[in-house]
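Some notes on the structure that comes next.
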Amino acid sequence: IDERRQLHQWQLWLFLERSAEEQQYLLSDSQRLLFREAMQMTVARPSGLQRSVSDALSAVRSGFQEEHLEPSTGYSLDLAFPSSRVAIEVDGPFHFL
12 IDERRQLHQW QLWLFLERSA EEQQYLLSDS QRLLFREAMQ MTVARPSGLQ RSVSDALSAV
72 RSGFQEEHLE PSTGYSLDLA FPSSRVAIEV DGPFHFL
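So for the sequence shown, my numbering puts the first residue at 12; every next one is plus one.
Right, dumping it as structure tokens:
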């Protein structure tokens with residue numbers, strides 16, 4: 012499942028960097044769906060840093076959602092204000108290890 016999630020993230024990056032027409036030739040519809048489902052099945056494990064940011068944010072503003080599943084991409088956003096289309100990703104020092 013981890014490999015499929017990574018392929019979904021690559022697909023999202025490709026979509027942002029290139030046109031949808033270029034993307035369609037690389038992966039079939041069934042592959043894109045399979046990779047997206049793998050992303051949606053991932054269980055989020057918020058870090059201590061993410062919880063701290065969430066606590067600080069809740070002290071100044073209400074209405075945000077933690078681990079918001081973005082419907083068009085299947086991507087889980089750490090913190091989001093969906094009605095405002097604002098998202099915050101909290102990547103701490105261990106994110107890149």
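Glycine included, C-beta positions come from ideal geometry on N, C-alpha and C.
The model shown is predicted, which means the values in this text are computed figures rather than measured ones.
Assign residue i to one of two classes, buried (16 or more other C-beta atoms within 10 Å of its C-beta) or exposed (fewer than that).
i          : result
residue 56 : exposed
residue 50 : buried
residue 90 : buried
Name the residue from the options whose alpha carbon lies nearest to the alpha carbon of residue i.
i           : options        : result
residue 77  : 62, 102 and 39 : 62
residue 45  : 16, 59 and 100 : 16
residue 19  : 81, 64 and 48  : 48
residue 43  : 69, 94 and 83  : 83
residue 102 : 64, 23 and 94  : 64
residue 24  : 67, 54 and 86  : 86
residue 81  : 69, 94 and 70  : 94
Could you compute how far the alpha carbon of residue i sits from the alpha carbon of residue j?
i          : j          : result
residue 88 : residue 13 : 17 Å
residue 73 : residue 40 : 38 Å
residue 98 : residue 92 : 6 Å
residue 79 : residue 96 : 11 Å
residue 22 : residue 75 : 27 Å
residue 53 : residue 60 : 20 Å
If you follow the beta strand (DSSP E) that residue i is part of, which residue opens it and which one closes it?
i          : result
residue 92 : 87-92
residue 55 : Looking at the DSSP string, residue 55 is not in any beta strand (DSSP E), and its letter there is neither H nor E.
residue 97 : 97-99
I need the boundaries of the alpha helix (DSSP H) containing residue i, first residue and last residue.
i          : result
residue 23 : 13-28
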